[in-house]
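Peer 1: Below: one structure in structure tokens.
In my numbering, the protein residues as written are 52 to 488.
Below, the structure is given as structure tokens:
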């Protein structure tokens, strides 16, 4: 096979080694060339060593390359899988959370929505657009680009506006929360359900659900049994659960979000009064100080002890199954992909990236149309769609005016008279990355 798959951000070892582990497990991709790329030469070499060790140990039929030169990496690529972040990640994230709070923001997380999410997008979209420029210039004409970075919707929207010809798909695993909770709510294996999760990334809900065997509509049963389920869940796990807002949305809007309070609540100005704040803080602390250092440390030790092959294990992400589906033209279904709307949800703007179920064939990934999103839940999405449009315009045009308008439209920044001093402080702190005129 002459297929070339590029892994951008491969020095992020959990992403890089997990992605390569999935590729190595694929019979369809056997014989492919894998090109690892990262700007951090030290961590790129760790990834390369572990992957080559896996190839040698298991006698796999893959060709491995590794380079810090992005043009060289993406040259003649068929597929590019990317997960990058502007570092130091948690330093910037800390600013994205705390500085907006100083000016009265009600945002709950500051990663994807609210004023913090806006500055996150302003930092990371330009380098991702640089990656896409190299892909458009140097990869194969029909290359497929798969993005894992956040803020997902804003990144993908910026790509589609600047490089509309590039096949771009955004992947996020938040749908796994539906896979976890729905079987417990309905007392039914997830495999027997046919669900449709629609909305925006980190801001979607299960809009359609039916029993595969009987065709029975399950939405009413989810509404009836889901509210007490989430109430009980929050009582049993008050320190670790973060689905208080989930139950609230289900009770009052009739549809269950398939993500947690920290994400769904990012886009709603009043969510701070409802979310499980303790659960959100504990997740952030655990993710930053325990999960990432612990697993990263294990990987590094294995590589340095010449047992790197043990660290290369397939992940549960969906990039590789999508690549397999494009190559084999298998027309399989995916639960959740971020794509340009183009009529998938008819009462949201066409020029908006939505999250939806999709099918995969030789031409790429295609969203499964929903029709109209239910009222009044769609009104929450419409407001965020306006904000995302303005944020992307601010980035592409380097426009402070658009940034001001985005904050004016955002309920997460209620003290509108403080927009200018807020922007001044954030732009000064991030002057190496954010440039508005």
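Here a beta-carbon is modelled for each residue, glycine too, at the ideal position from N, C-alpha and C.
Where does residue 100 fall in DSSP's three states?
Peer 2: Three-state DSSP puts residue 100 in a helix.
Peer 1: Pair every Cβ in the region 243-259 with every Cβ in the region 196-204, then say whether three or more of these pairs are closer than 8 Å.
Peer 2: Output reads yes: the region 196-204 touches the region 243-259.
Peer 1: To the nearest angstrom, how far is it from the Cα of residue 138 to the Cα of residue 379?
Peer 2: Straight-line Cα distance between these residues: approximately 37 Å.
Peer 1: Cβ atoms of residue 403 and residue 208: under 8 Å apart, would you say?
Peer 2: Yes; because the gap between Cβ atoms is below 8 Å, this pair is in contact.
Peer 1: Select from 371, 331, 195, 78 the residue whose C-alpha is nearest the C-alpha of residue 288.
Peer 2: Of the listed residues, the one whose Cα sits closest to residue 288 is 331.
Peer 1: Does the Cβ-Cβ distance between residue 373 and residue 220 come in under 8 Å?
Peer 2: Yes, the Cβ-Cβ distance between residue 373 and residue 220 is below 8 Å.
Peer 1: Within 8 Å, do at least three Cβ pairs link the region 58-66 to the region 340-355?
Peer 2: Result yes; three or more Cβ-Cβ pairs closer than 8 Å.
Peer 1: Throw me the rounded Cβ distance for the residue 371 and residue 182 pair, which I believe falls under 8 Å.
Peer 2: The Cβ separation is near 20 Å, so there is no contact.
Peer 1: For the putative contact between residue 83 and residue 54, defined by C-beta atoms under 8 Å, what is the C-beta separation to the nearest angstrom?
Peer 2: Between residue 54 and residue 83 the Cβ distance is about 4 Å, and since that is below 8 Å, they are a contact.
Peer 1: Counting pairs of beta carbons, one from the region 180-199 and one from the region 128-138, are three or more of them closer than 8 Å?
Peer 2: Flag = yes, the region 180-199 and the region 128-138 touch.
Peer 1: Report the rounded CA-to-CA distance for residue 352 versus residue 358, giving the unit in angstroms.
Peer 2: Rounded to the nearest angstrom, the two C-alpha atoms are 8 Å apart.
Peer 1: Can you grab the Cα-Cα spacing for the pair residue 390 / residue 91, in whole Å?
Peer 2: Each residue's Cα considered, the two are about 30 Å apart.
Peer 1: Using the three-state DSSP reduction, which class does residue 156 fall into: helix, strand or coil?
Peer 2: Correct three-state label for residue 156: coil.
Peer 1: Per the DSSP calculation, residue 58 is bridged to which residue(s)?
Peer 2: According to DSSP, residue 58 bridges with 87, 132.
Peer 1: Going by Cα to Cα distance, which pick from 185, 190, 188, 140 is closest to residue 170?
Peer 2: Nearest C-alpha to residue 170: 140.
Peer 1: Return helix, strand or coil for residue 305, following the three-state DSSP convention.
Peer 2: It is coil, neither helix nor strand.
Peer 1: Taking its Cβ as the centre, do 16 or more other Cβ atoms sit within 10 Å of residue 176, making it buried, or is it exposed?
Peer 2: When all chains shown are included, residue 176 counts as buried.
Peer 1: If we count the other Cβ atoms within 10 Å of its Cβ and call it buried at 16 or more, is residue 387 buried or exposed?
Peer 2: Looking at its Cβ environment, which holds 16 or more other Cβ atoms inside 10 Å, residue 387 is buried.
Peer 1: Following the continuous beta strand (DSSP E) through residue 382, name the residue where it begins and the one where it ends.
Peer 2: It is not in any beta strand (DSSP E) - residue 382 carries neither H nor E in the DSSP assignment.
Peer 1: Between the region 103-115 and the region 155-169, do at least 3 Cβ pairs fall closer than 8 Å?
Peer 2: No: fewer than three Cβ pairs fall under 8 Å.
Peer 1: Rounded to a whole number of angstroms, what is the C-alpha to C-alpha distance between residue 366 and residue 165?
Peer 2: Taking the straight line from one Cα to the other gives about 30 Å.
Peer 1: Sorted by chain position, which residues of the same chain lie with C-beta nearer than 6 Å to residue 163's C-beta, five sequence neighbours on each side aside?
Peer 2: Excluding sequence neighbours, residue 163 sits near 201, 202, 253, 317.
Peer 1: Out of 363, 291, 304, state which residue places its alpha-carbon closest to the alpha-carbon of residue 337.
Peer 2: Selected option, being the one with the closest Cα: 291.
Peer 1: How many whole angstroms separate the CB atoms of residue 236 and residue 277, which I take to be in contact at a CB cut-off of 8 Å?
Peer 2: About 5 Å separates the two Cβ atoms, so the contact holds.
Peer 1: When the distance is taken between beta carbons, is residue 436 closer than 8 Å to residue 487?
Peer 2: Against a cut-off of 8 Å, the Cβ pair of residue 436 and residue 487 comes out as no contact.
Peer 1: Going straight from the alpha carbon of residue 226 to that of residue 248, what length do you get?
Peer 2: Cα to Cα, residue 226 sits roughly 7 Å from residue 248.
Peer 1: So what's residue 82 in DSSP terms, helix, strand or just coil?
Peer 2: Residue 82 falls in the coil class under three-state DSSP.
Peer 1: Any idea what DSSP makes of residue 190, helix, strand or coil?
Peer 2: DSSP places residue 190 in coil when its eight states are reduced to three.
Peer 1: Skipping 5 residues on each side, what residues in its chain have a beta carbon closer than 7 Å to that of residue 443?
Peer 2: So the list reads 205, 208, 209, 212, once near-sequence residues are dropped.
Peer 1: Between residue 100 and residue 114, what straight-line distance do the alpha-carbon atoms span, to the nearest angstrom?
Peer 2: Answer to the nearest angstrom: the Cα atoms are 13 Å apart.
Peer 1: So the alpha helix (DSSP H) residue 335 belongs to, where does it begin and stop?
Peer 2: Counting along the chain, the alpha helix (DSSP H) containing residue 335 begins and ends at 328-337.
Peer 1: Are the region 457-474 and the region 152-160 touching, with three or more C-beta to C-beta distances below 8 Å?
Peer 2: Touching, per the Cβ criterion.
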